[in-house]
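Worksheet: one structure, shown below.
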Amino acid sequence: MLAKYKGQIVEVWEITHRPVQEVWVKEAFQSNVISWNEWNKNVLDFGGESGELALVGDFLILDTRQEMGYSILSKEKFKVL
1222 MLAKYKGQIV EVWEITHRPV QEVWVKEAFQ SNVISWNEWN KNVLDFGGES
1272 GELALVGDFL ILDTRQEMGY SILSKEKFKV L
């Protein structure tokens, strides 16, 4: 889906257990950039040393300005276009 984030239109994925349709999210899973936490399947882990976590219901934003290429936004702070 598309959304406005920091003044730009960006690609966004609502973190969910439903099958992923977005190509960039599929690629992130396949390359182990993101994965489901092995102890809590409602938590999304980010590979590497970042230690970032996101919850089902939050939003993953394709954000090339960030070092890891993604930003996380809680559902409370998110507004769909």
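The numbering used here numbers the first residue of the sequence shown as 1222 and each following residue consecutively.
Built from N, CA and C at the ideal position, the CB exists for glycine as well.
Per DSSP, cross-strand counterpart(s) of residue i
i	result
Lys1225	Ile1230
Asp1216	The displayed coordinates of the chain run from 1222 to 1302. Any statement about residue 1216 would go beyond what the structure contains.
Ser1292	Ile1282
As assigned by DSSP and simplified to three states, the class of residue i
i	result
Glu1235	strand
Val1254	coil
Val1246	helix
CB contact flag (residue i, residue j, <9 Å)
i	j	result
Val1277	Leu1294	no
Ile1255	Tyr1291	yes
Glu1232	Leu1274	no
Val1246	Trp1257	no
Asn1253	Gly1272	no
Sequence-distant residues of the same chain with beta carbon closer than 7 Å to residue i, five excluded per side
i	result
His1238	Val1277
Asp1279	Ile1236, Ile1293, Leu1294, Ser1295 and Lys1296
Short CB-CB distance (under 9 Å) between residue i and chain B
i	result
Ile1230	Absent here is chain B; the protein component of the structure consists of one chain.
Close-in-space but distant-in-sequence residues of the same chain around residue i (CB under 6 Å, 5 per side omitted)
i	result
Met1222	Val1233
Trp1241	The displayed chain sequence assigns Val, not Trp, to residue 1241. So the list reads Lys1247, once near-sequence residues are dropped.
Glu1259	none
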